[in-house]
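Just below is one structure, and these are the notes that go with it.
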Amino acid sequence: MDFATLGALCALGSAVAWALTSLLVRSLTPRFGTLAINAARTTLCAVLIAAWMAALGDFAGLAALSARSLGLLLVSIVAAIAIGDTVFFESTRMLGLGRAMTLSMSYPVVAAVLAALLLDEHITARIALGGLLTLGGLALVVATRDDAAVSSRSWLGIGAACVAALAWGVSVVALRVPLAEIDALTAQLVRLPLAAALLWAMPWSWRDLPALARGGRDVALRLGVLSVLTALSSVMYVLSIKHAGVAVATVLSSTAPLFAVPLGVVFLGERLPPIALVGAGVAVVGVVVLKL
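Quick note on this note's numbering: the sequence shown kicks off at -15 and runs consecutively.
Here it is in structure tokens:
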């Protein structure tokens, strides 16, 4: 198996893991705040990555990290986890898992625009067509919200999902340069503790900590599974960017809604009208056209 194929498989694995992660977080948000959940799962994930690296005894990659790459890793983790993941989890509370994930998975459009502006990548006809298809599909998903009683909450959720897409797009572009110097595990060894420290520095994270501690075995089990899924998803995602490239990695990881929508239907009782399902499909096709 060549590295490009490995990267593509890692991107698909990351999409599945992210859909499962989002489902678990969504099951916890009725009782706990998203910041506390995000801080707890990021901390546990950082501990897992550090323990694995210690077992391997492989910290040499840290010495190869330049100051510029360290700064870009900081930007990527603030954008991805502290901002992107947190507001995305909040959007699932307002919109439901399937709709929120479909909207937020428009981040390859953001990444393409930023790459054109910052990395001198050209916006071709294919990119323009893919962007139009993606945005059109997302418009169908948004337009099908039929619960008028919570319209203001719906629009707030839409805004949160769009902020998540913007933050994830920034993170992808910022992550590209450091991966030329270090491997995926070393990148996560730097990124995750920084993200955990930033999340715990926010006072809102501490508000639900006592409730999480009193959650019992069920909550502890879910947080444990969350940390493992987060570790797997984050490492596979970074590996996919390193070996398959940003284009293939973002499009394949953006297939998460294809897994999240049925999970939301089966486990959360969510229902999307047929036109919204069509919109989700059109959005995914748009991302494929955009990036492949």
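For each residue, glycine too, the CB sits at the ideal point set by N, CA and C.
On a predicted model such as this, the values are computed, not experimentally measured, just so you know.
With 16 as the cutoff for other CB atoms within 10 Å, does residue i come out buried or exposed?
{"i": "D202", "result": "exposed"}
{"i": "T(-11)", "result": "exposed"}
{"i": "F72", "result": "buried"}
{"i": "F251", "result": "exposed"}
{"i": "W188", "result": "exposed"}
{"i": "A133", "result": "Only weak support is given to the placement of A133: the predicted model assigns it a pLDDT of 42, under 50, and the question is left unresolved by the model."}
{"i": "G270", "result": "buried"}
{"i": "R83", "result": "buried"}
{"i": "P162", "result": "buried"}
{"i": "S138", "result": "buried"}
{"i": "G248", "result": "buried"}
{"i": "L150", "result": "buried"}
{"i": "A112", "result": "exposed"}
{"i": "C146", "result": "buried"}
{"i": "A228", "result": "buried"}
{"i": "R52", "result": "exposed"}
{"i": "R10", "result": "buried"}
{"i": "A38", "result": "exposed"}
Can you give the Cα-Cα distance for residue i and residue j, rounded to whole angstroms?
{"i": "W36", "j": "I259", "result": "45 Å"}
{"i": "A99", "j": "P241", "result": "24 Å"}
{"i": "G114", "j": "P194", "result": "46 Å"}
{"i": "F(-13)", "j": "M186", "result": "39 Å"}
{"i": "D130", "j": "M78", "result": "Low local confidence applies: a pLDDT of 49 at D130 is under 50, so the model's placement there is unreliable, with the coordinate-based value given in what follows. Their backbone Cα atoms lie some 13 Å apart in a straight line."}
{"i": "L140", "j": "A47", "result": "43 Å"}
{"i": "G17", "j": "A109", "result": "43 Å"}
{"i": "V222", "j": "S75", "result": "24 Å"}
{"i": "L8", "j": "V268", "result": "23 Å"}
{"i": "A144", "j": "T13", "result": "15 Å"}
{"i": "V217", "j": "G(-3)", "result": "The sequence as given places Ser at residue 217; Val does not occur at that position. S217 and G(-3): Cα-Cα distance of roughly 7 Å."}
{"i": "G285", "j": "T70", "result": "With the chain running from -15 to 276 in the structure shown, residue 285 is simply not present."}
{"i": "G263", "j": "I65", "result": "27 Å"}
{"i": "S155", "j": "V94", "result": "10 Å"}
{"i": "I225", "j": "A96", "result": "14 Å"}
{"i": "I142", "j": "L205", "result": "30 Å"}
{"i": "L210", "j": "P257", "result": "29 Å"}
{"i": "R160", "j": "A1", "result": "22 Å"}
{"i": "D167", "j": "R15", "result": "37 Å"}
{"i": "F243", "j": "A34", "result": "29 Å"}
{"i": "P246", "j": "L261", "result": "11 Å"}
When you compare the CB positions of residue i and residue j, do they come within less than 8 Å of one another, or not?
{"i": "A233", "j": "A(-5)", "result": "yes"}
{"i": "G(-9)", "j": "Y91", "result": "no"}
{"i": "V358", "j": "L173", "result": "Because the chain in this structure spans residues -15 to 276, residue 358 falls outside the shown range and cannot be described."}
{"i": "V266", "j": "G80", "result": "no"}
{"i": "L196", "j": "A20", "result": "yes"}
{"i": "T239", "j": "A(-1)", "result": "yes"}
{"i": "L40", "j": "E165", "result": "no"}
{"i": "G253", "j": "A148", "result": "no"}
{"i": "T5", "j": "L213", "result": "yes"}
{"i": "A215", "j": "L54", "result": "no"}
{"i": "V157", "j": "L236", "result": "no"}
{"i": "L207", "j": "L(-7)", "result": "no"}
{"i": "V273", "j": "L124", "result": "no"}
Is any beta-carbon of chain B found at less than 8 Å from that of residue i?
{"i": "V9", "result": "Absent from the structure: chain B. Only one protein chain is present."}
Check whether the segment 83 to 96 touches the segment 24 to 33, taking contact to mean three or more Cβ pairs, one atom from each stretch, closer than 8 Å.
no
Inter-stretch contact (C-beta, 8 Å, three-pair minimum) for the segment 168 to 178 and the segment 57 to 66
yes
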